[in-house]
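If you're matching them up, the sequences are chains B and E in order.
By the numbering used here, the letter at position 57 of the first sequence is numbered 58, and the numbering carries on one by one without gaps.
By the numbering used here, the letter at position 13 of the second sequence is numbered 575, and the numbering carries on one by one without gaps.
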Amino acid sequence: AQSVAQPEDQVNVAEGNPLTVKCTYSVSGNPYLFWYVQYPNRGLQFLLKYITGDNLVKGSYGFEAEFNKSQTSFHLKKPSALVSDSALYFCAVRDGGDKLIFGTGTRLQVFP
Amino acid sequence: ETGVTQSPTHLIKTRGQQVTLRCSSQSGHNTVSWYQQALGQGPQFIFQYYREEENGRGNFPPRFSGLQFPNYSSELNVNALELDDSALYLCASSLPTGAANEKLFFGSGTQLSVL
Numbered sequence: 002a003q004s005v006a007q008p009e010d011q012v013n014v015a016e017g018n019p020l021t022v023k024c025t026y027s028v029s030g031n032p033y034l035f036w037y038v039q040y041p042n043r044g045l046q047f048l049l050k051y052i053t054g055d056n057l058v059k060g061s062y063g064f065e066a067e068f069n070k071s072q073t074s075f076h077l078k079k080p081s082a083l084v085s086d087s088a089l090y091f092c093a094v095r096d097g098g099d100k101l102i103f104g105t106g107t108r109l110q111v112f113p
Numbered sequence: 563e564t565g566v567t568q569s570p571t572h573l574i575k576t577r578g579q580q581v582t583l584r585c586s587s588q589s590g591h592n593t594v595s596w597y598q599q600a601l602g603q604g605p606q607f608i609f610q611y612y613r614e615e616e617n618g619r620g621n622f623p624p625r626f627s628g629l630q631f632p633n634y635s636s637e638l639n640v641n642a643l644e645l646d647d648s649a650l651y652l653c654a655s656s657l658p659t660g661a662a663n664e665k666l667f668f669g670s671g672t673q674l675s676v677l
């Protein structure tokens with residue numbers, strides 16, 4: 002079965018510093034990986050997705066993610082964090098043609 | 563903002579009651595999925611509808627049922643509510659490409675509280 006793991010419940014970073022939110026995956030076959038962000042009282046918003054063959058994926062709001070097959074990881078990164086980036090971040094993997102399997106989420110707190 | 567709208571935004575029910583949640587998908591999307599997000603957890607897939615037919619189901623009991631209408635809007639019905647059904651229910655629509663890497667467009671959700 003497909004699964005993703007987000008090992009950190011919370012990540013704290015100072016504004017202007019680089020940030021990384023970690024995700025590891027377990028899949029059979031080609032992985033289709035996603036990052037979504039959830040702001041308070043809002044639904045999930047798509048950030049980026051992994052397409053086979055392109056290990057560095059660029060997404061919305063200056064975020065990017067690096068796919069690493071040998072480490073089975075898909076970490077979310079941003080070179081310079083903003084206070085407005087504070088939110089709940091979910092890694093997800095497509096399971097079959099119908100559903101996404103989400104991780105438990107990582108709360109990102111960016112301090113001024 | 564996505565074009566996916568859900569109603570109501572908040573709902574309070576008592577154990578044993580039935581509830582209907584509604585979702586209007588983004589224009590041009592004929593695929594609608596429903597997810598349950600319990601407090602502190604990631605969303606969990608309930609089921610998906612494609613062209614008015616159920617197209618996949620997660621590990622939820624039959625008292626969770628759904629409908630999709632010809633205009634591709636959708637309903638989620640939950641019978642015999644239990645306390646553990648308290649959660650944020652999210653609706654998501656997607657483009658009709660069938661591609662596995664297709665992204666989902668989520669609504670803001672319905673917060674259901676079961677007392």
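Backbone N, C-alpha and C define an ideal beta-carbon position, used for all residues, glycine too.
It should be emphasised that the depicted structure is a prediction, and the values quoted were computed from it without experimental measurement.
For residue i, the three-state DSSP class (helix, strand or coil)
{"i": "S635 (chain E)", "result": "coil"}
{"i": "S61 (chain B)", "result": "helix"}
{"i": "V594 (chain E)", "result": "strand"}
{"i": "S74 (chain B)", "result": "strand"}
{"i": "S85 (chain B)", "result": "helix"}
{"i": "N69 (chain B)", "result": "strand"}
{"i": "R584 (chain E)", "result": "strand"}
{"i": "A654 (chain E)", "result": "strand"}
The beta strand (DSSP E) enclosing residue i, as first and last residue numbers
{"i": "K50 (chain B)", "result": "L45 to K50"}
{"i": "E644 (chain E)", "result": "Element bounds for E644 (chain E): n/a, residue is neither H nor E."}
{"i": "V94 (chain B)", "result": "A88 to D96"}
{"i": "R619 (chain E)", "result": "E615 to R619"}
{"i": "A15 (chain B)", "result": "Q11 to A15"}
{"i": "L33 (chain B)", "result": "Note that residue 33 (chain B) corresponds to Tyr in the displayed sequence, not to Leu. No beta strand (DSSP E) holds Y33 (chain B); DSSP gives it neither H nor E."}
{"i": "F112 (chain B)", "result": "T107 to F112"}
Distance, residue j Cα to residue i Cα
{"i": "Y62 (chain B)", "j": "L48 (chain B)", "result": "8 Å"}
{"i": "L77 (chain B)", "j": "L652 (chain E)", "result": "23 Å"}
{"i": "I102 (chain B)", "j": "Y37 (chain B)", "result": "12 Å"}
{"i": "P80 (chain B)", "j": "L20 (chain B)", "result": "7 Å"}
{"i": "Y634 (chain E)", "j": "V111 (chain B)", "result": "39 Å"}
{"i": "F35 (chain B)", "j": "S636 (chain E)", "result": "24 Å"}
{"i": "E664 (chain E)", "j": "S656 (chain E)", "result": "7 Å"}
{"i": "F91 (chain B)", "j": "T105 (chain B)", "result": "7 Å"}
{"i": "Q599 (chain E)", "j": "L645 (chain E)", "result": "14 Å"}
{"i": "L89 (chain B)", "j": "Y26 (chain B)", "result": "19 Å"}
{"i": "E616 (chain E)", "j": "L638 (chain E)", "result": "12 Å"}
Closer than 8 Å: residue i CB and nearest the ligand MG heavy atom
{"i": "R95 (chain B)", "result": "As for the ligand MG, it is missing from this structure, which has no ligand bound."}
is_contact[residue i, chain E] using C-beta, thresh 9 Å
{"i": "K100 (chain B)", "result": "yes"}
{"i": "K79 (chain B)", "result": "no"}
{"i": "Q46 (chain B)", "result": "yes"}
{"i": "G63 (chain B)", "result": "no"}
CB contact check: residue i to chain C, cutoff 9 Å
{"i": "Q630 (chain E)", "result": "Absent from the structure is chain C; the protein chains it does hold are B and E."}
CB contact check: residue i to chain B, cutoff 9 Å
{"i": "S670 (chain E)", "result": "yes"}
{"i": "L573 (chain E)", "result": "no"}
**Request:** Examine the Cβ distances between the region 53-67 of chain B and the region 566-577 of chain E and report whether three or more of them are shorter than 8 Å.
**Result:** Using a Cβ-Cβ distance cut-off of 8 Å, the region 53-67 of chain B and the region 566-577 of chain E are not in contact, since fewer than three pairs of beta carbons, one from each stretch, lie closer than that value.
**Request:** Kindly confirm or deny that the region 610-618 of chain E and the region 588-597 of chain E touch, where touching means at least three C-beta pairs closer than 8 Å.
**Result:** Because the criterion of three Cβ pairs below 8 Å is met, the region 610-618 of chain E and the region 588-597 of chain E touch.
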